[in-house]
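Chains as they are written, first to last, in my numbering: chain A, 1 to 381; chain B, 382 to 429; chain C, 430 to 854.
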Amino acid sequence: MQRKHITGLICLAVALVIMVITGRNFLSLKDLGTIVPGPGVTEKKMLSAYFDGIEGTNMDTEVYVMEGSSPGGKVLILGGTHGNEPSGYMSAITFIENATVESGTVYVIPYTNHSGMTHNDPQEASPQYIHFPTENGVRTFRYGSRASNPIDQWPDPDVYVHAASGQQLSGSETRNINRAYPGRPDGTPTEQAAYAIAELVRSEDINLTFDLHEASPEYPVINATVSHEKGMSVAAEGVMELQLKGIAMSLEPSPTNLHGLTHRELGDYTNTIPLLMESANASQGRLRGATNEALALTGIDKAYVKSEALGFLYVPYDEKGHPIEERVGRHLQGIIEYTKAYSAQYADAPVTFTGVPTYDELFLSADEADLGGVQLGKYLH
Amino acid sequence: MITLIYRGIVAIVVFFIIKNIFQEEKLTLQANATLVIIPLILRFLMIK
Amino acid sequence: MSIELIIFLAMIVTFIAGCFALKLPVSISMVFAAVIGAIVGGYGFPLRHLVEGMFSYVDTVLVITTAMIFMKVVQESGALDALSALIIQKFRKKPALLLCLIMLVIMFPGMITGSSTAAVLSAGSIMAPILIIMGIPVVETACIIAMGGLLGMIAPPVNIPAMIIGGGIDIPFVGFEGPLVLLTFPLAFLFVLMFGYKYVKHFDYDAIAPKLNRNSIETHGIKIFIPIFVALILMVINKAVPSIPNLGMPLIFLISAVVGAFTGEKFSPVKVCTESVKSVLPVLGILMGVGMFIQIMTLTGVRGFIVTTCLSLPAGLRYLAMAVAIPLFGAVSSYGSASVLGVPFLLAFLSSNQIITASAISLIASLGDMMPPTALAGIFAAQVVGMDSYTPILKRFIVPSIIIVVWAIGFIVLSNSIAPYIVFK
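In C-alpha cells form, the structure reads like this:
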C-alpha cells in the first residue's frame with residue numbers, strides 16, 4: 001500500500017469520527033422535550049388532524065385545546081413560528097401550563113414550525129438549548145432556527161416565489177413558514193404546514209389569532225403589534241391597555257404588499273383577526289456580541305449597549321438587557337389585553353381565561369437576580 | 382423527488398472527492414478534500 | 430483592548446501564519462484560525478460549531494462542482510471551439526459591439542441565477558477563447574470574465590444579495606429592476622471596453638481565421654451546441670413559466686453535461702468528473718474553512734464587534750466604511766457580507782430610498798467575490814483562461830472597483846431625488 005493511500009485512509013477515519021460525533025448531536029435535536037399540560041388543557045391533538053398531508057412528517061406539531069366551561073369565541077395562539085425567537089414558544093408553553101379557560105376555547109400551537117425547532121442555522125452559532133430551573137428540576141427547551149430544517153425540505157430554489165401573490169424573495173425564505181401563508185396543500189412541506197394552520201383556523205372558525213415573534217433590536221418593527229386592517233379596533237383598544245400598564249407597544253398596520261405573513265394572509269384568506277407581536281431578542285440580531293444561551297435568556301449584551309448609544313436601535317437598551325421574563329411577559333399581557341378587547345367588542349363570542357402570569361408577575365415584581373430564566377421557571381411545572 | 386435527485390448529486394460529488402483523496406500525494410491537500418466531504422456526507426444521509 | 434479584538438487578532442495571526450509560515454492550504458489555515466479563535470474566546474474545541482458553519486456552503490459546493498463539470502464537457506466536446514469560430518466570423522466587422530455582446534453573454538447566467546461563479550464557469554468559459562483569439566491578453570480576458578460574473582450576479586432579474594439585504598428589513602424584491610439595470614449595464618459596457626477595446630480596434634479577421642478550430646462544427650454540425658442551449662433553456666424556462674418546478678443550478682448543469690456527452694467529440698465522463706473535482710477542491714475547501722471561521726466569529730462576538738465598529742463611524746465616513754468593509758467581509762462570501770453588513774448599513778441609511786440603497790449596497794457586495802482568499806470570481810476566471818495565479822487580475826481590478834464603489838455611493842446619495850424616475854412598483 002502506498003503512503004498516500006495510508007494517509008488517505010487516516011483522513012477518512014478522522015472524517016468518520018467527526019461525522020459520528022456531530023451527527024449524533026444533530027440527530028438529538030429532534031427531541032424537543034416535553035410540555036406539561038396545565039389544568040386548562042382539555043385535549044391534545046396533532047395539526048395533521050386538519051390536513052393529513054403533513055401526517056408523520058417533521059412538520060406535524062402538537063395542538064393543545066383548552067375549552068372553557070361556558071361557550072364563547074375561539075382564540076389561536078401560534079408560538080414557535082421562528083425557532084430562534086424563544087419568547088414566542090416559551091409564552092405559548094407558559095400559557096399551556098398555567099391558563100384555565102372559562103368561556104370560549106383557546107387553541108395553542110407551541111411549535112408552529114416544528115421542523116424549524118429541530119436544527120440551527122449555520123454561521124449563526126445559536127445555542128442548542130435553553131434551560132429553566134423549576135420546582136421539579138431543570139427544564140430544557142430547544143433553541144431552533146427561523147426556517148424549516150433542510151433535511152425536511154431541500155434544496156432551496158434560487159428565488160422563492162410566494163404562490164398566492166407571485167412575490168419574490170430570497171430562496172432561503174422558502175423554508176420560512178411566515179412567508180408561506182395561506183399555504184398550499186400540494187406545496188413544499190413548509191407551505192403544507194402553513195396550509196394546515198389555515199385549515200385549522202377555517203374549520204374551527206377561529207376568531208382571534210396571535211402569532212408570537214421576536215425581532216432584533218435594530219429592526220424597526222419591534223415592541224410592536226402588527227394587525228390586519230380588520231383587527232385595528234381590537235388592537236387599538238388592547239394597545240391602550242398595555243400602555244396603561246407601562247408596556248411600550250406600538251400598533252402597525254399589516255402592509256398590503258408584503259405577502260405570506262400571518263397578519264396579512266390569515267386575515268385575507270380566513271375569517272380570523274390576526275395579530276402579530278414582536279419583542280426584542282438580542283440573540284437573533286446582527287449587531288450582537290458573543291452568542292450563547294445567556295444572551296438568549298438575559299439579552300445582556302455590551303455590543304447592543306454600544307449600538308444604543310450610537311442610535312441604531314428601536315428599543316431602549318441598557319446593561320440590564322431584555323430578559324426572557326420581560327419578553328414573555330409582554331406577549332402574555334398582550335394576549336390578555338387583546339383578548340379582553342376582543343371579548344368586549346364581540347360580546348356574543350367572548351373568550352376569558354385565568355391563571356396566565358402577567359407582565360407584572362413575571363417581570364416588574366420579580367427579584368432582579370431571578371431574571372434570565374429563574375423567574376419564568378417558577379411558572380413551568 | 383427533487384431531494385432524492387440532489388442526494389444523488391451529492392453522492393456523485395462525494396465519490397469523486399474520495400477518489401481524489403486517494404490520488405492526492407500531499408497530506409494537506411488530502412485534508413482539504415476531507416474537510417469538504419464532512420458536510421456533504423451528513424447532508425446525503427439527511428442528518429443535517 | 431476588547432476581548433473581541435484580541436480574539437479577532439488571534440484568528441488573523443493564526444491564519445496568516447498557517448498560510449505563509451507553515452505553507453498550509455488556505456482552507457486548513459482557516460480551520461486552525463477558527464479553532465484558535467474559539468479557544469481564545471473560552472469556548473474550547475467546539476466541534477459542533479465548526480461542522481455546523483460549513484453547512485452554509487453545501488449548495489454552493491454543488492453549484493461550483495457541477496458548473497465545472499459542465500464547463501469541461503463543453504470544452505471536451507468541441508462546442509467551445511465551434512462557438513468561438515462562429516461568433517467571431519459573424520461580428521468581425523464591429524469589434525466594439527462584439528465586445529459588448531460578449532459581456533452580455535457572460536453576464537447572462539449570473540442574471541438568471543444570481544451567482545457569479547455560474548456566470549464565470551459557464552458563459553465566461555465559453556467566451557474566453559473568443560476574447561483571446563481576438564487578441565485580448567489572458568489577464569484582461571480574465572478581468573472581463575470576472576467583471577461579467579460580478580455584474581451579472583447583480584443585474585436583474587435575480588440578485589440574491591439584494592434579496593438578502595431587502596429581506597433583512599422585509600422589503601419584497603419588487604421595483605429593483607430599474608436601479609439594478611442602471612447600476613450594472615453602463616458599468617458592464619464601460620469595463621469591457623476599458624479592458625478590451627484597445628486590443629480589438631484593429632482586429633484583422635483574415636489573420637486569425639486560420640487559428641479558428643472548425644473541425645468539430647464541420648464534423649458534428651449545429652448539434653454540437655445542444656448542451657449550451659439545454660442549459661440556457663432550463664435556466665430560463667422556470668422564469669417564463671413559473672409552474673414548471675425550479676431544477677436548481679446543479680441539476681441544470683449536470684443535465685446539460687450529460688447531453689454534451691452525446692453531441693460532439695467523445696470523451697471519458699469519469700476523467701472529466703475527476704479533473705473537475707480536482708480543480709475545484711481548493712475553492713471548496715476554502716468555503717468550508719470560511720464557514721467555520723464565520724461561525725466562530727459569531728460565537729465569540731467578533732462578528733458583532735466588526736459590524737458595530739463599522740457603523741460607529743461618523744455619518745460621512747460611514748460611506749467609506751461601507752465601501753471598505755462590505756467587499757472586505759465579502760472575502761468570506763458576498764452573500765454573507767450582504768447579510769451581515771449589508772442589512773445594518775441599509776438601516777444606517779434608512780432616510781435614503783431603500784430600494785435604491787439596497788440595490789447599490791448589493792453592487793458593492795459583489796466586489797466580495799474578488800476578495801482573497803475566497804475570490805470565487807477571480808479564481809475561476811484565472812482557471813478559465815489557464816492562469817496559475819489570480820493576483821494580476823486583482824491588480825487590474827483596483828480602478829474598476831473604485832469606479833463601482835463611487836457609482837454605487839452616488840446612487841445612494843442621490844437616491845431620493847432619482848427614485849421617482851427609476852423605481853417602478
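Note that beta-carbon positions come from the ideal geometry of N, C-alpha and C, so glycine has one too.
Cutoff 8 Å: residue i Cβ touching any chain C Cβ
i	result
B/I419	yes
B/F397	yes
B/L426	no
B/A392	no
A/D158	yes
A/Y111	no
A/L212	no
Residue-chain proximity (residue i, chain B), Cβ-Cβ < 8 Å
i	result
A/P37	no
A/L12	yes
C/I838	no
A/A15	yes
A/T190	no
A/K4	yes
C/F449	no
C/S484	Per the sequence presented here, residue 484 of chain C reads as Phe, with Ser not at that position. Chain B contact via Cβ: present.
A/T298	no
C/G714	yes
A/G83	no
C/S456	yes
C/V503	no
C/V814	no
Chain A contact for residue i (CB, 8 Å cutoff)
i	result
B/T409	no
B/L385	no
C/M592	yes
C/D599	yes
C/T648	no
Straight-line gap, residue i to residue j (C-alpha atoms, nearest Å)
i	j	result
C/T703	B/K400	8 Å
C/R477	A/N25	8 Å
A/R139	A/Y129	10 Å
A/Y359	A/L242	10 Å
A/H213	A/E85	6 Å
A/D31	B/I428	14 Å
C/F809	A/S170	25 Å
C/V603	A/Q167	8 Å
A/H5	C/K707	17 Å
C/T803	C/I827	17 Å
C/I562	C/P538	23 Å
A/G80	B/I393	37 Å
C/M532	A/A193	44 Å
A/T225	A/A236	10 Å
A/L364	A/Q375	11 Å
A/T34	A/K320	30 Å
A/I54	A/W154	16 Å
Proximity below 8 Å, CB of residue i to CB of residue j
i	j	result
A/P157	A/T174	yes
C/S791	C/I594	yes
C/F614	C/I784	no
C/A511	C/S645	yes
B/I419	C/T495	no
C/A548	C/V813	no
A/S115	A/P189	yes
C/I559	C/S513	yes
C/T542	C/M664	yes
DSSP beta-bridge partners of residue i
i	result
A/K74	A/T105
A/I130	A/F141
A/T352	A/S103
A/Q168	A/V161
A/D211	A/L78 and A/L276
A/M66	A/V106
Practice problem: State whether the segment 448-456 of chain C contacts the segment 703-722 of chain C, with contact taken as three or more CB pairs (one from each stretch) at a distance under 8 Å. | Solution: With the cut-off at 8 Å, the segment 448-456 of chain C and the segment 703-722 of chain C touch.
Quiz item: Would you call the segment 694-712 of chain C and the segment 745-754 of chain C touching, i.e. three or more CB-CB distances under 8 Å?
Solution: They do not touch, by the three-pair rule.
Quiz prompt | Three-pair Cβ contact test at 8 Å for the segment 435-453 of chain C versus the segment 77-92 of chain A | solution = Because the criterion of three Cβ pairs below 8 Å is not met, the segment 435-453 of chain C and the segment 77-92 of chain A do not touch.
Quiz prompt | Given 8 Å, three or more beta-carbon pairs between the segment 264-279 of chain A and the segment 220-232 of chain A | solution = As far as the Cβ criterion goes, the segment 264-279 of chain A touches the segment 220-232 of chain A, which means the pair count is three or higher.
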